[in-house]
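Notes follow once the structure below has been shown.
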Amino acid sequence: MTKTVAILGGTGHEGPGLALRWARSGYKVILGSRQAEKARSVANELNQKLGKNLIKGEANAIAAQAAEICVLTVPYKAQEATLSSLREVLQGKVLINVTVPLQPPHVTHVNLPPGGSASEEAQAMLGEGVRVVAAFQNVGAAHLANDKDTIDCDVLVCGDDKDAKAEAITLAEAAGMRGFDAGPLKNAVAVEALTPVLIGLNIRYKVKAAGIKISGIK
Ligand SMILES: NC(=O)c1ccc[n+]([C@@H]2O[C@H](COP(=O)([O-])OP(=O)(O)OC[C@H]3O[C@@H](n4cnc5c(N)ncnc54)[C@H](OP(=O)(O)O)[C@@H]3O)[C@@H](O)[C@H]2O)c1
Numbered sequence: 600m601t602k603t604v605a606i607l608g609g610t611g612h613e614g615p616g617l618a619l620r621w622a623r624s625g626y627k628v629i630l631g632s633r634q635a636e637k638a639r640s641v642a643n644e645l646n647q648k649l650g651k652n653l654i655k656g657e658a659n660a661i662a663a664q665a666a667e668i669c670v671l672t673v674p675y676k677a678q679e680a681t682l683s684s685l686r687e688v689l690q691g692k693v694l695i696n697v698t699v700p701l702q703p704p705h706v707t708h709v710n711l712p713p714g715g716s717a718s719e720e721a722q723a724m725l726g727e728g729v730r731v732v733a734a735f736q737n738v739g740a741a742h743l744a745n746d747k748d749t750i751d752c753d754v755l756v757c758g759d760d761k762d763a764k765a766e767a768i769t770l771a772e773a774a775g776m777r778g779f780d781a782g783p784l785k786n787a788v789a790v791e792a793l794t795p796v797l798i799g800l801n802i803r804y805k806v807k808a809a810g811i812k813i814s815g816i817k
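Okay, so the sequence shown: first residue is 600 according to the numbering used here, each after it adds one.
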């Protein structure tokens with residue numbers, strides 16, 4: 600069965616590249632937004648790149664309702680409000696959290712949020728009925744933007760549900776990367792904390808998409 604993936608807050612930098620890659624590899628993709636019109640407009644631009652109408656746009660709640668797998672790509676400061684408005688509709692689903700707890704303007708500094716990590720906070724907010732998985736935090740939007748490019752970055756996947764982690768690993772592969780089971784959701788703190796380190800490397804070495812690669816595993 601073709602799975603439907605909703606990318607909540609998918610209209611920004613990170614969501615569109617993931618949407619293009621997943622749509623090309625056969626997923627049904629819905630971009631979510633606070634404004635359905637904005638989501639439809641970004642979806643139209645992506646469909647033009649694809650040359651086919653594969654991506655839809657909807658308000659976040661409608662997108663989440665229609666999907667088996669939801670992916671959250673909002674700034675950390677928006678995570679709590681976004682998830683509290685979607686708590687009911689997300690029950691029974693997998694939520695892949697891409698959110699990194701950055702604290703602008705210090706985006707090159709590791710910030711540990713009160714709940715341990717953004718993904719553990721999401722799990723605590725949503726309750727056990729939602730299987731939260733942390734993934735894709737180390738993949739820069741610049742990497743994803745040209746959806747035909749190979750991505751020189753691996754995806755570390757943390758979560759407490761094996762099947763939910765398997766979905767995220769399959770999505771990493773569908774987007775052209777390797778995905779690895781990186782342990783329980785409490786390990787998300789390490790993965791989220793790598794992102795400000797990578798942003799700092801981008802700035803210091805004048806590149807756009809520093810990433811991570813796991814050695815020793817084929
Ligand atoms: N950009 C990257 O390279 C990258 C890489 C790895 C991880 N991440 C993480 O992925 C997440 C998304 O990154 P991004 O660069 O795509 O973010 P972004 O472009 O700043 O925002 C993504 C979307 O979130 C929604 N949003 C923004 N402010 C909001 C608010 N106050 N309340 C509710 N929704 C709001 C907007 O959607 P609507 O206006 O359509 O609702 C926006 O298009 C972040 O947590 C980031 O740290 C980003």
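Think of the CB as a built atom: it goes at the ideal place given N, C-alpha and C, for glycine as much as any other residue.
Taking 7 Å as the line, does the beta carbon of arginine 633 fall inside it for any heavy atom of ligand 1? By one-based count along the sequence shown, residue 633 stands at place 34. Yes - ligand 1 has a heavy atom lying nearer than 7 Å to the Cβ of arginine 633.
Less than 7 Å separating the Cβ of leucine 689 from some heavy atom of ligand 1? One-based indexing of the sequence shown puts residue 689 at position 90. No, Cβ of leucine 689 sits at least 7 Å from all heavy atoms of ligand 1.
Rounded Cβ spacing between aspartate 753 and phenylalanine 779 (contact assumed at less than 8 Å): Along the sequence shown, one-based indexing puts residue 753 at 154. Along the sequence shown, one-based indexing puts residue 779 at 180. Sure, about 6 Å apart at Cβ, within 8 Å.
Does the pairing of the segment 634-654 with the segment 681-690 give three or more beta-carbon distances under 8 Å? Judged by Cβ distances under 8 Å, the segment 634-654 makes no contact with the segment 681-690, as fewer than three pairs qualify.
Whole alpha helix (DSSP H) elements within the segment 627-667, 4-residue minimum: Secondary structure remark: continuous alpha helix (DSSP H) runs of at least 4 residues inside the segment 627-667, in chain order: 635-649 and 659-665.
Could you check if proline 795 belongs to the surroundings of ligand 1, using beta carbon to heavy atom distance under 7 Å? The sequence position of residue 795 within the sequence shown is 196, counting from 1. For proline 795, the shortest C-beta to heavy atom distance toward ligand 1 is 7 Å or greater.
Give every residue of the same chain whose Cβ lies closer than 8 Å to the Cβ of leucine 797, excluding the five residues on either side of it in the sequence, and list them in chain order. What you label residue 797 is simply residue 198 of the sequence shown in a count that begins at 1. Cβ neighbours of leucine 797 beyond the five flanking positions: Asn737, Gly739, Ala809, Gly810 and Ile811.
By a C-beta neighbour count over all protein chains shown, 10 Å radius and 16 as the cutoff for buried, is methionine 776 buried or exposed? Taking the sequence shown and counting its residues from 1, one reaches residue 776 at position 177. When all chains shown are included, methionine 776 counts as buried.
State buried or exposed for leucine 711, treating a residue as buried only when at least 16 other CB atoms are found within 10 Å of its CB. Here residue 711 corresponds to residue number 112 of the sequence shown, with the count starting at 1. By the 10 Å Cβ count, leucine 711 comes out exposed.
Tell whether a beta-carbon distance below 8 Å holds between valine 731 and serine 718. One-based indexing of the sequence shown puts residue 731 at position 132. One-based indexing of the sequence shown puts residue 718 at position 119. Their beta carbons are under 8 Å apart, which means valine 731 touches serine 718 by this criterion.
Evaluate contact between the segment 649-661 and the segment 627-639, counting only Cβ atoms and requiring at least three cross-stretch pairs below 8 Å. Cβ pair count under 8 Å is three or more, so yes.
Run of the alpha helix (DSSP H) containing arginine 777, from where it starts to where it stops: As a working mapping, residue 777 is identified with position 178 in the sequence shown. Note, arginine 777: premise wrong, no alpha helix (DSSP H); not H, not E.
Rounded to whole angstroms, how far is the Cβ of leucine 784 from the Cβ of glutamine 690, which I believe are closer than 8 Å? Residue numbering aside, residue 784 sits at position 185 when the sequence shown is read from its first letter. Residue numbering aside, residue 690 sits at position 91 when the sequence shown is read from its first letter. No, leucine 784 and glutamine 690 are not in contact; Cβ-Cβ is about 17 Å, not under 8 Å.
For lysine 812, is the beta carbon positioned less than 7 Å from some heavy atom of ligand 1? The count along the sequence shown starts at 1 and reaches residue 812 at position 213. Flag unset: Cβ of lysine 812 not near ligand 1.
Same chain, Cβ closer than 6 Å to valine 709, neighbours up to 5 away in sequence not counted: For this step, residue 709 is matched to residue 110 along the sequence shown. Result list for valine 709: Ala792 and Pro795, in chain order.
Give the C-beta separation of alanine 774 and leucine 671 to the nearest angstrom, bearing in mind that I take them to be a contact with Cβ-Cβ under 8 Å. Numbered from its first residue, the sequence shown carries residue 774 at position 175. Numbered from its first residue, the sequence shown carries residue 671 at position 72. That pair is no contact at about 16 Å.
Can you tell me where the beta strand (DSSP E) holding asparagine 696 begins and where it ends? Within the sequence shown, the letter at position 97 stands for residue 696. Asparagine 696 -> beta strand (DSSP E) spans 693-696.
Please classify aspartate 762 as buried or exposed, where buried requires at least 16 other C-beta atoms within 10 Å of its C-beta. If you number the sequence shown from 1, residue 762 lands on position 163. Per the 10 Å Cβ criterion, exposed.
Tell me whether the beta-carbon of leucine 694 lies closer than 8 Å to the beta-carbon of valine 729. On the sequence shown, residue 694 is found 95 positions in, with the first residue counted as 1. On the sequence shown, residue 729 is found 130 positions in, with the first residue counted as 1. Yes, the Cβ-Cβ distance between leucine 694 and valine 729 is below 8 Å.
According to the neighbour-count rule (16 or more other Cβ atoms, all chains shown, within 10 Å of its Cβ), is serine 764 buried or exposed? As a working note, residue 764 is residue 165 in the sequence shown. Inspection of the sequence shows that residue 764 is occupied by lysine rather than by serine. Around the beta-carbon of lysine 764, 16 or more other beta-carbon atoms lie within 10 Å, marking it buried.
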